[in-house]
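Everything below concerns the one structure shown next.
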Amino acid sequence: MPDLLEKELALHCAPALAGIKAGNLLTLQYARVPNLPLRLEAYRAKFAGCGVSFCILQDSGKRILLLVYREELLKAHLAQPGARWILARAGYPQDGTLEALLAHLKLRLAEERAFPHEIGLFLEYPPADVAGFQHFHGQNCKLCGHWKVYADPVQAQARFARYDRCRNALCRKLEQGMTLTQLFACTPRQVDADKMTNHIYM
3 MPDLLEKELA LHCAPALAGI KAGNLLTLQY ARVPNLPLRL EAYRAKFAGC GVSFCILQDS
63 GKRILLLVYR EELLKAHLAQ PGARWILARA GYPQDGTLEA LLAHLKLRLA EERAFPHEIG
123 LFLEYPPADV AGFQHFHGQN CKLCGHWKVY ADPVQAQARF ARYDRCRNAL CRKLEQGMTL
183 TQLFACTPRQ VDADKMTNHI YM
């Protein structure tokens, strides 16, 4: 049986781990994962060499909200004009570093009762879909999958299917006895994301 933390990471963060998505989000319960902060710190160290980062966005003492992300992919996504416009409206620092943007996201999460809508940008949702969600208050979407789609449902559906294949393949690898460290932690940063994903599918 896969370790619970490994299973949760595979279920919720497979695309980011595999390098086909900028970021994934998951909530982890202290009661279910012993030594959770120490284990996350160990993952951070092991995965740093392949460009995967772990950022604790919230820590209530009972649960942790964790962002697993690919730094270069996330920087590129947040640099899009549409993303920059949405972030500027929400008070994020203009021309700030990724660390500054993440720090502001943490502040927004601490201040808001619900997730601030722009969090979708940190999960590589298209800016047009984030803007559409904000404008229509989550209603009238063209497609509902990994996120609510307002702009291009055909492209989004293809991405959803790819993410699902990646997640299912990674979960199968864990069921076969492999670990996330074996699959990803020793992979050089320069490895092509599609080749890495193909490695999972094999």
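All you need for the working numbering is the position in the sequence shown, starting with 1, plus 2. Cβ coordinates follow ideal geometry from the N, Cα and C atoms, glycine included. Everything numeric in this text was worked out from a predicted model, so none of it was measured.
- Judged by DSSP secondary structure, residue 35 falls outside any alpha helix (DSSP H); it is assigned neither H nor E.
- If the five residues before and after residue 31 are omitted, its C-beta is found closer than 6 angstroms to the C-beta atoms of 65, all from its own chain and listed in chain order.
- Straight-line spacing of the CA atoms in residue 153 and residue 139 works out to 15 angstroms.
- For residue 34, the CB contacts under 7 angstroms within the same chain, skipping 5 residues up- and downstream, are 6 in chain order.
- Here residue 125 is buried: its Cβ has 16 or more other Cβ atoms, across all protein chains shown, within 10 Å.
- Beta-bridge pairing by DSSP links residue 60 to 67.
- In this structure, residue 132 keeps its C-beta atom at 7 angstroms or more from the C-beta atom of residue 145.
- Burial is judged here by how many other beta carbons sit within 10 angstroms of a residue's own beta carbon; residue 120 has at least 16 and is buried.
- Taking C-alpha positions only, residue 82 is separated from residue 13 by approximately 28 angstroms.
- The beta-bridge partner set that DSSP reports for residue 72 consists of 54.
- In this structure, residue 160 keeps its C-beta atom at 7 angstroms or more from the C-beta atom of residue 151.
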